[in-house]
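Engineer: Shown below is the structure under consideration.
There are 2 protein chains.
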Amino acid sequence: MPVNLTAPLAASLLDIEGLRIGVTEAGIRKTNRKDLTVVLMDEGASVAGVFTQNRFCAAPVQVCREHLALSDTNSAGGIRAMVINTGNANAGTGEDGLKRARSTCRTLAEKLGLAPQQILPFSTGVIMESLPHDRIAAGLDAAIGDAKTSHWLRAAEAIMTTDTVPKAFSKQIQISGKTISITGISKGAGMIRPNMATMLGFMATDACVAPEAIQQLATELANGSFNCVTVDGDTSTNDSFVVIATNKAGNTPISTWASADGAVLKAAMMEVARLLAQAIVRDGEGATKFISIQVDGGKTSEECRKVAYAIAHSPLVKTAFFASDPNLGRILAAVGYAGIDDLDQTKIDLFLDDVNVATQGGRNPNYQESDGQLVMKQSEIMVRVVLGRGQVSETVWTCDLSYDYVKINADYRS
Amino acid sequence: MPVNLTAPLAASLLDIEGLRIGVTEAGIRKTNRKDLTVVLMDEGASVAGVFTQNRFCAAPVQVCREHLALSDTNSAGGIRAMVINTGNANAGTGEDGLKRARSTCRTLAEKLGLAPQQILPFSTGVIMESLPHDRIAAGLDAAIGDAKTSHWLRAAEAIMTTDTVPKAFSKQIQISGKTISITGISKGAGMIRPNMATMLGFMATDACVAPEAIQQLATELANGSFNCVTVDGDTSTNDSFVVIATNKAGNTPISTWASADGAVLKAAMMEVARLLAQAIVRDGEGATKFISIQVDGGKTSEECRKVAYAIAHSPLVKTAFFASDPNLGRILAAVGYAGIDDLDQTKIDLFLDDVNVATQGGRNPNYQESDGQLVMKQSEIMVRVVLGRGQVSETVWTCDLSYDYVKINADYRS
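Chains as they are written, first to last, in the working numbering: chain B, 1 to 414; chain D, 415 to 828.
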């Protein structure tokens with residue numbers, strides 16, 4: 001059961017002019033499930049991606065990077081389509097995996113009258129098994145035939161693996177009198193510790209964004225959203241996050257994010273990106289609680305994030321949340337091993353929502369375990385650590401560790 | 415059920431002349447369990463310790479460091495006793511915790527006619543609760559009265575927390591015609607990712623070791639044993655490892671480990687230290703399998719250990735071992751995010767025991783899943799990763815992640 005997250009209604013998602021989505025059942029791993037998605041873009045879209053930092057990155061990630069580097073939105077050579085399969089990650093597949101990813105791009109390019117480098121491929125699923133690119137090729141006509149502007153929810157469903165609900169959000173804003181729509185989808189529930197992006201996240205807007213400004217937008221959105229979540233600390237081989245501006249809304253093209261229009265658009269897209277990223281945690285494998293970990297009073301962002309991730313990844317902390325057990329010394333222990341060499345434990349304060357659990361590195365004399373217990377029973381919990389070293393704050397989002405996490409991951413392939 | 419580990423027989427453990435152990439039930443957290451141990455040493459023992467790198471280190475760890483720094487084995491001021499309690503870690507307890515640890519040392523020193531700095535205190539158990547030092551004080555007479563050279567097994571039992579079996583090993587060797595005995599005990603099953611030492615490990619020998627040589631021995635033993643194991647990646651606040659030479663065996667005192675006698679003694683003590691460290695993994699919370707992770711072909715020890723720990727800490731890898739599921743791509747993913755920036759995935763080979771699973775970063779064409787499955791079903795598994803970057807190898811030991819890990823840690827305090 002995801003934590004305070006329900007499937008979106010198709011009607012709640014905004015179409016993005018200039019972008020159509022088609023889905024089909026290609027039988028990639030299992031039958032009777034939507035597992036192949038194509039995203040078709042009109043000429044002239046601005047496209048950027050952010051990808052996993054895992055050195056064992058999957059073949060499609062390597063091909064995406066190549067194709068984005070080759071693409072030139074100002075000519076007819078820009079990115080025009082994406083092809084996404086579930087059921088197989090095409091990772092840990094060596095040279096043969098690269099060939100299969102390229103073959104998929106080539107086949108789709110031929111069907112659409114494009115060059116292969118105008119296609120971005122994405123795969124998610126089991127690692128180290130050969131991608132059945134023949135089945136993907138056989139399904140492409142049906143996916144293309146299904147393509148409609150209104151198919152965002154179908155795509156959100158088709159990219160799911162161990163996700164229990166599809167993840168999709170929209171937002172509408174006004175920029176200089178023009179109505180701008182933003183829609184995004186994401187997937188992922190395990191092997192989640194994005195390092196530059198989540199497993200799969202796609203966002204599009206019809207706003208006009210200059211091609212030279214889109215990569216910075218994608219990077220900043222990823223850093224403020226997908227790069228702040230973790231389920232199990234496992235950075236996937238396939239993490240990919242793509243931002244598309246179809247350039248259809250008629251606004252003056254945004255070329256800098258410091259402009260008024262740029263700031264408004266970025267803030268709105270960040271809101272959607274955070275909802276998408278948090279949705280992954282809410283639907284984390286076995287999750288029963290959504291936990292925000294805010295670290296205040298650090299000298300640098302890096303040290304705040306080290307502490308937040310040490311807490312977020314501690315199996316002892318995560319099981320205590322699952323049990324609603326205010327065994328909060330485990331949080332202090334995680335702060336201590338987070339890797340800040342000159343940490344002074346006598347300056348540390350710990351809060352659970354508004355309850356001051358520890359002060360100056362020791363138990364707060366006024367702390368009542370019953371107060372901690374009440375917070376621990378909530379489905380949404382804020383852990384706040386004050387380091388007393390500086391002025392920087394960072395927040396990451398995570399979930400608890402339950403029996404079901406073990407069950408899901410012990411049974412995943414069966 | 416620990417993995418291939420049974421409780422030792424008291425008769426299998428060697429007495430160490432010059433060192434007596436007494437145990438009692440002090441009712442520190444629960445009644446009817448041995449929870450207080452004193453170790454009494456004759457004058458003239460060489461003693462060294464290695465302690466947690468957790469910056470939130472417990473009060474007793476801070477006091478141990480102080481007392482070891484003050485001690486002078488050559489005068490009458492050397493370390494003469496240790497006092498160890500379970501049920502309460504005296505960590506996350508601030509200034510008050512330090513006072514209570516010092517008070518325990520003072521009380522024991524008075525009873526023994528020693529100075530407080532001749533006592534080393536150790537605590538293990540729940541974090542962030544006040545140490546009941548009055549109950550410890552009340553139990554000291556009974557513990558002292560119980561002291562006998564033959565009580566190693568009683569101590570191994572009395573220091574257990576979530577351990578299911580006591581951990582103790584002995585070994586006898588000859589050095590220059592003298593018979594030397596070595597005995598050690600350890601405890602720990604969760605919050606185990608020692609960083610300089612395990613939760614608690616104590617080793618003693620009757621060999622004569624010069625005081626100036628004992629710290630190097632303790633450090634090298636820790637690095638080759640307790641610093642190579644992990645259960646859940648959580649570095650405890652209380653990790654402590656103490657090595658004692660009672661200097662009773664009559665051998666020429668060892669002043670350098672490069673000598674023939676030194677090399678023999680160190681090798682024998684390392685053997686016992688590794689058994690003690692591995693016993694912690696075998697009895698890891700919820701463990702059903704003992705897994706050795708060997709990383710070959712690295713440029714440095716540090717990068718080999720990074721890769722080994724990334725694998726050993728991955729919840730996805732650990733749950734796959736629990737399920738006996740050869741979902742080995744998860745291991746490649748962990749190698750990829752271990753933090754080696756210039757890792758070339760096309761040079762990576764992966765073996766499961768003798769089965770070559772992946773070669774040149776992709777699935778070995780000759781690999782049969784049935785072969786991997788056979789190895790995964792074993793209770794002892796060797797994972798070997800070849801990085802293809804250099805000549806260095808490192809090994810760490812870990813266990814799988816089962817339902818019972820979650821159950822034990824969700825229920826720990828109840």
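C-beta: ideal position from N, C-alpha, C; glycine also.
Determine, using beta carbons only, whether E220 (chain B) and S301 (chain B) come nearer to each other than 8 angstroms.
Structural biologist: Not in contact: E220 (chain B) and S301 (chain B) (Cβ atoms no closer than 8 angstroms).
Engineer: Taking a Cβ distance cut-off of 8 angstroms, strictly less, list which residues of the region 80-110 of chain B are near chain D, in chain order.
Structural biologist: A89, A91, G92, T93, G94, E95, D96, G97
Engineer: In chain order, what residues of the same chain have a beta carbon less than 8 angstroms from the beta carbon of F465 (chain D), not counting five sequence neighbours either side?
Structural biologist: So the list reads C471, V475, C478, R479, M610, A611, D653, S654, F655, once near-sequence residues are dropped.
Engineer: According to DSSP, simplified to helix, strand and coil, what is A424 (chain D)?
Structural biologist: DSSP places A424 (chain D) in helix when its eight states are reduced to three.
Engineer: Taking C471 (chain D) as the query, report the chain B residues whose CB atoms sit under 9 angstroms from its CB, ordered along the chain.
Structural biologist: The contact set of C471 (chain D) on chain B, defined by CB atoms closer than 9 angstroms, consists of G336, Q345 in chain order.
Engineer: Among the residues of its own chain, which have a CB less than 8 angstroms from the CB of D510 (chain D), if the five just before and after it don't count?
Structural biologist: S544
Engineer: Assign A267 (chain B) to buried or exposed, taking buried as 16 or more other Cβ atoms, counted over all protein chains shown, within 10 Å of its Cβ.
Structural biologist: exposed
Engineer: Which first and last residues belong to the beta strand (DSSP E) in which K593 (chain D) is found?
Structural biologist: Position check: residue 593 (chain D) holds Thr in this sequence, whereas Lys was assumed. Taken as a continuous stretch (DSSP letters only), the beta strand (DSSP E) holding T593 (chain D) covers 592-601.
Engineer: Is the beta carbon of I79 (chain B) less than 8 angstroms from the beta carbon of M41 (chain B)?
Structural biologist: yes
Engineer: I'd like to check one pair, T812 (chain D) with I707 (chain D): are the Cβ atoms closer than 8 angstroms?
Structural biologist: yes
Engineer: When the Cα of R447 (chain D) is compared with those of D:R568, D:V540, D:L428, which residue comes out closest?
Structural biologist: D:R568
Engineer: Check whether the Cβ of F241 (chain B) lies closer than 8 angstroms to any Cβ atom in chain D.
Structural biologist: No, no contact with chain D.
Engineer: Can you have a look at E699 (chain D) and say buried or exposed, based on whether 16 or more other CB atoms are within 10 angstroms of its CB?
Structural biologist: buried
Engineer: Chain D partners of L328 (chain B), CB-CB under 9 angstroms?
Structural biologist: G506, I541, M542
Engineer: Would A142 (chain B) and T24 (chain B) qualify as a contact pair, given that the criterion is a beta-carbon distance under 8 angstroms?
Structural biologist: yes
Engineer: Whole angstroms is fine: what's the gap from W566 (chain D)'s alpha carbon to A440 (chain D)'s?
Structural biologist: Taking the straight line joining both Cα atoms gives about 18 angstroms.
Engineer: Express the C-alpha separation of A273 (chain B) and T332 (chain B) in angstroms, rounding to a whole number.
Structural biologist: A small fix is needed here, since residue 332 (chain B) is Leu in this sequence, not Thr. Distance between the alpha carbons of L332 (chain B) and A273 (chain B) is about 31 angstroms.
Engineer: Does D739 (chain D) come within less than 8 angstroms of chain B when only Cβ atoms are used?
Structural biologist: D739 (chain D) counts as touching chain B.
Engineer: Note down the Cα distance separating L352 (chain B) from D767 (chain D), rounded to an integer number of angstroms.
Structural biologist: Straight-line spacing of the CA atoms in L352 (chain B) and D767 (chain D) works out to 46 angstroms.
Engineer: Counting only beta-carbon atoms, is F122 (chain B) nearer than 8 angstroms to chain D?
Structural biologist: Cβ-Cβ to chain D under 8 angstroms: no for F122 (chain B).
Engineer: How would you list, in chain order, the residues of chain D whose beta-carbon sits under 7 angstroms from the beta-carbon of L401 (chain B)?
Structural biologist: V820
Engineer: Keeping to the same chain, check which residues put their C-beta closer than 7 angstroms to that of S176 (chain B); ignore five residues upstream and five downstream.
Structural biologist: Correct list, in chain order: N251, T252, D261.
Engineer: Does any C-beta atom of chain D lie closer than 8 angstroms to the C-beta of I293 (chain B)?
Structural biologist: no
Engineer: Measuring only the C-alpha atoms, how far is M427 (chain B) from Q378 (chain B)?
Structural biologist: Here chain B has residues from 1 to 414 only, and residue 427 (chain B) is not among them.
Engineer: Assuming A59 (chain B) and N90 (chain B) make a contact with CB atoms under 8 angstroms, what is their CB distance in whole Å?
Structural biologist: 5 angstroms
Engineer: Check whether chain B comes within 8 angstroms of N418 (chain D), counting only Cβ atoms and requiring the distance to be less than that.
Structural biologist: Not closer than 8 angstroms to any Cβ of chain B, the Cβ of N418 (chain D) fails to qualify, so no.
Engineer: Considering Cα atoms alone, identify which of B:S71, B:D325, B:V307 is closest to I348 (chain B).
Structural biologist: B:V307
Engineer: Who are the Cβ neighbours of S123 (chain B) in its own chain at under 7 angstroms, not counting the five residues just before and after it?
Structural biologist: A58, P60, N85, N88, A89, N90, L131, N238
Engineer: Assign S816 (chain D) to one of three DSSP states: helix, strand, or coil.
Structural biologist: coil
Engineer: Which parts of the region 71-122 of chain B are runs of the alpha helix (DSSP H), unbroken and 4 residues or longer, counting only runs that do not cross its ends?
Structural biologist: If we require 4 residues or more, the alpha helix (DSSP H) runs fully inside the region 71-122 of chain B come out as 94-112.
Engineer: So what does DSSP say about A245 (chain B), is it helix, strand or coil?
Structural biologist: strand
Engineer: Is there a C-beta anywhere in chain D that falls below 8 angstroms from the one on I340 (chain B)?
Structural biologist: It does: the Cβ of I340 (chain B) has a partner Cβ on chain D nearer than 8 angstroms.
Engineer: Short check: CB of V797 (chain D) to CB of D785 (chain D), under 8 angstroms?
Structural biologist: no
Engineer: For chain B, find out if any of its Cβ atoms is closer than 8 angstroms to the Cβ of T651 (chain D); answer yes or no.
Structural biologist: yes
Engineer: Quick one: grab the DSSP three-state call for V645 (chain D).
Structural biologist: coil
Engineer: Tell me which same chain residues have a C-beta within less than 7 angstroms of the C-beta of R520 (chain D), skipping the five on either side of it?
Structural biologist: Shown here for R520 (chain D): same chain residues with a beta carbon closer than 7 angstroms to its own, the five before and five after excluded, namely P530 in chain order.
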